[in-house]
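What follows is one structure encoded as structure tokens, with my remarks underneath.
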Amino acid sequence: MTAPGILIAAVRSGAGKTTVTLGLMRALARRGLRVSGVKCGPDYIDPAFHAVATGRASFNLDSWTMEAELLAQLALRAGEDADLVVAEGAMGLFDGAPGALAQTGASADIAAHIGWPVLLVMDVSGQAQSAAAIARGVALHDARVRLAGVLLNRTGSERHRKLAQEAIEAVGIKVLGALPRDSGVALPERHLGLVQAGETRGLEALLDRLAERMEAHVDLDALLAAAGGGLVDLAPGPLHVPHAPGGRIAVAQDEAFSFFYPHLARAWREAGAEIVFFSPLADEVPPEDCDACWLPGGYPELHASRLAAAQNFLGGLRRFAATRAVHGECGGYMTLGRTLTDAAGAAHEMAGLLDLATSFAQRKLHLGYRRARLLADGALGAAGDELAGHEFHYATIVSEKGEPFAMVTDAYSQEQRPAGLRAGRVTGSFFHAMTKKKGRR
Numbered sequence: 005m006t007a008p009g010i011l012i013a014a015v016r017s018g019a020g021k022t023t024v025t026l027g028l029m030r031a032l033a034r035r036g037l038r039v040s041g042v043k044c045g046p047d048y049i050d051p052a053f054h055a056v057a058t059g060r061a062s063f064n065l066d067s068w069t070m071e072a073e074l075l076a077q078l079a080l081r082a083g084e085d086a087d088l089v090v091a092e093g094a095m096g097l098f099d100g101a102p103g104a105l106a107q108t109g110a111s112a113d114i115a116a117h118i119g120w121p122v123l124l125v126m127d128v129s130g131q132a133q134s135a136a137a138i139a140r141g142v143a144l145h146d147a148r149v150r151l152a153g154v155l156l157n158r159t160g161s162e163r164h165r166k167l168a169q170e171a172i173e174a175v176g177i178k179v180l181g182a183l184p185r186d187s188g189v190a191l192p193e194r195h196l197g198l199v200q201a202g203e204t205r206g207l208e209a210l211l212d213r214l215a216e217r218m219e220a221h222v223d224l225d226a227l228l229a230a231a232g233g234g235l236v237d238l239a240p241g242p243l244h245v246p247h248a249p250g251g252r253i254a255v256a257q258d259e260a261f262s263f264f265y266p267h268l269a270r271a272w273r274e275a276g277a278e279i280v281f282f283s284p285l286a287d288e289v290p291p292e293d294c295d296a297c298w299l300p301g302g303y304p305e306l307h308a309s310r311l312a313a314a315q316n317f318l319g320g321l322r323r324f325a326a327t328r329a330v331h332g333e334c335g336g337y338m339t340l341g342r343t344l345t346d347a348a349g350a351a352h353e354m355a356g357l358l359d360l361a362t363s364f365a366q367r368k369l370h371l372g373y374r375r376a377r378l379l380a381d382g383a384l385g386a387a388g389d390e391l392a393g394h395e396f397h398y399a400t401i402v403s404e405k406g407e408p409f410a411m412v413t414d415a416y417s418q419e420q421r422p423a424g425l426r427a428g429r430v431t432g433s434f435f436h437a438m439t440k441k442k443g444r445r
């Protein structure tokens, strides 16, 4: 059986899910529990915070891109040698994309599939007894989902807490704690979400402060008693993801390239591949003993001048690409292009392996789930393979010339279009691959 867990959710973004999740993870870890983190949805940044809070890798679970079998296998791995899994939801509990029941990408799908009860974080600033109507609606909205209780957030006074708590408990829903307003516990943000864990100054101290708030204002024993779920009689099985692009894979990793899914790394290692990290910002080259190079997404637009000056890295990448496969996702794709224009409008020369020019000065949000059908054999699979993933960036394409990498279908509009580029052994696109589809839905 997979480890018991609890899913932290809210009815909207901005209610405080992340700080609550991190505080609970650290508070429970301080009790000596082995806590494992999970992030619902295609988020790269929050799992890195989970890893710092718990000391364990955090996996993404996403019901739009992942089949039920893969969700179960990742839940099994998340709970390995763990006493409890703490999962963080995305957006509102029931928010997702068009899809069949349990395949919308909503956090509720994950709670239902794995059986984890939901702790509802409610930002009660600007309301009191009305919070009971919202909590009752959430509890009744989806019969698949069990509400473990409510955690009030941003209460203004003891009277405020009492009014909201008594109203919620009067409709039969437990209130497991109430956190007073505290502007000093916010995490810094930038255009793609939180500033990355590795760049957040004083993170350990902040995590301990969040834990202390949980210990002071939340009934942790009741929370542990409410945890549950898990899958029974589940044996370890394969992870259906894009196959490893090589037996020894060079993966860029630093502040410019950090959006690398832990479940991909886990699957590739289980398949026998070795992953070797290197830092383009430190002017390192893909190691010569690797047979493929992967440039993940991240924030190259914030480090464009440093990347352009990293001539050892750029030259080494060009030499590597002459004989071996190179793939770039999102920020990695931008780096494979000819130029990247930063926010100030300055253009910086990149690797020039693809005929692509991108700009962060001309910003437009591109966001949503995508399906991709590969148009040729390459690093991610064979021609005709279908992958599921997403797109999330603000950069725009100024010029893109050459053979497309894939045909991509938008989950919302069902619009199909060519995406990315391929030239020889080099491929790339703004598409982030999460899974390999075994068949069409």
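In this note's numbering, each number is its position in the sequence shown, counted from 1, plus 4. We treat Cβ as the ideally placed atom computed from N, Cα and C, and that holds for glycine. Values in this document were obtained by computation on a predicted structure and should not be read as measured data.
The secondary-structure analysis by DSSP pairs Ile-12 across a beta bridge with Glu-92, Leu-123. Inside the segment 146-222, DSSP marks whole beta strand (DSSP E) runs of 3 or more residues at positions 151-159, 179-184, from first to last along the chain. If you draw a straight line from the Cα of His-307 to the Cα of Gly-349, it comes to about 13 Å. Judged by DSSP in its simplified three-state form, Ala-376 adopts strand. At a Cβ-Cβ threshold of 8 Å, Ala-106 and Asp-113 count as neighbours.
For Phe-435, the secondary structure class from DSSP, reduced to helix, strand or coil, is coil. Sorting Glu-208, Glu-203, Trp-298, Ala-209 by C-alpha distance to the C-alpha of His-247 places Trp-298 at the top.
Just measuring C-alpha positions, the residue of Arg-328, Leu-198, Ile-118, Val-199 sitting nearest Asp-295 is Arg-328. In this structure Val-179 is in contact with Gly-153, their Cβ atoms being roughly 6 Å apart against a cut-off of 8 Å.
Rounded to whole angstroms, Leu-167 and Leu-124 show a C-alpha spacing of 17 Å. Within the same chain, Asp-50, Pro-51, His-54, Ser-62, Phe-63, Asn-64, Leu-65, Ala-91, Glu-92, Ala-94 come within 8 Å of Lys-43 by CB-CB distance, once the 5 residues on both sides are set aside. Pro-242 is the residue among Glu-170, Gly-36, Pro-242, Glu-288 whose C-alpha sits nearest the C-alpha of Leu-80. Nearest Cα to Gly-20 within the set Arg-213, Arg-150, Leu-155, Ala-220: Leu-155. Residue environment for Ser-363: buried (at least 16 other C-beta atoms within 10 angstroms of its C-beta). Boundaries cannot be given for Gly-20, as no alpha helix (DSSP H) includes it and DSSP labels it neither H nor E.
Of the residues Leu-26, Gly-428, Leu-235, Leu-228, the one whose Cα lies closest to the Cα of Gly-83 is Leu-235. Separation of the CB atoms of His-117 and Leu-75 is rounded to 6 Å, and the pair is thereby assigned contact status at 8 Å. Closest in C-alpha terms to Thr-343, from the list Ile-172, Tyr-337, His-352, Ile-253, comes His-352. For Ala-269, the closest C-alpha among the options Thr-25, Ile-10, Thr-439, Arg-35 is that of Thr-439. Cβ neighbours of Ala-386 within its own chain (closer than 8 Å, five residues either side excluded): Leu-378. A direct Cα-Cα distance of roughly 6 Å separates Pro-300 from Ser-262. Excluding the 5 residues flanking it on each side, Gly-341 has same chain C-beta neighbours closer than 7 Å at Met-354, Leu-358, Leu-360, Ala-361, Thr-362, in chain order.
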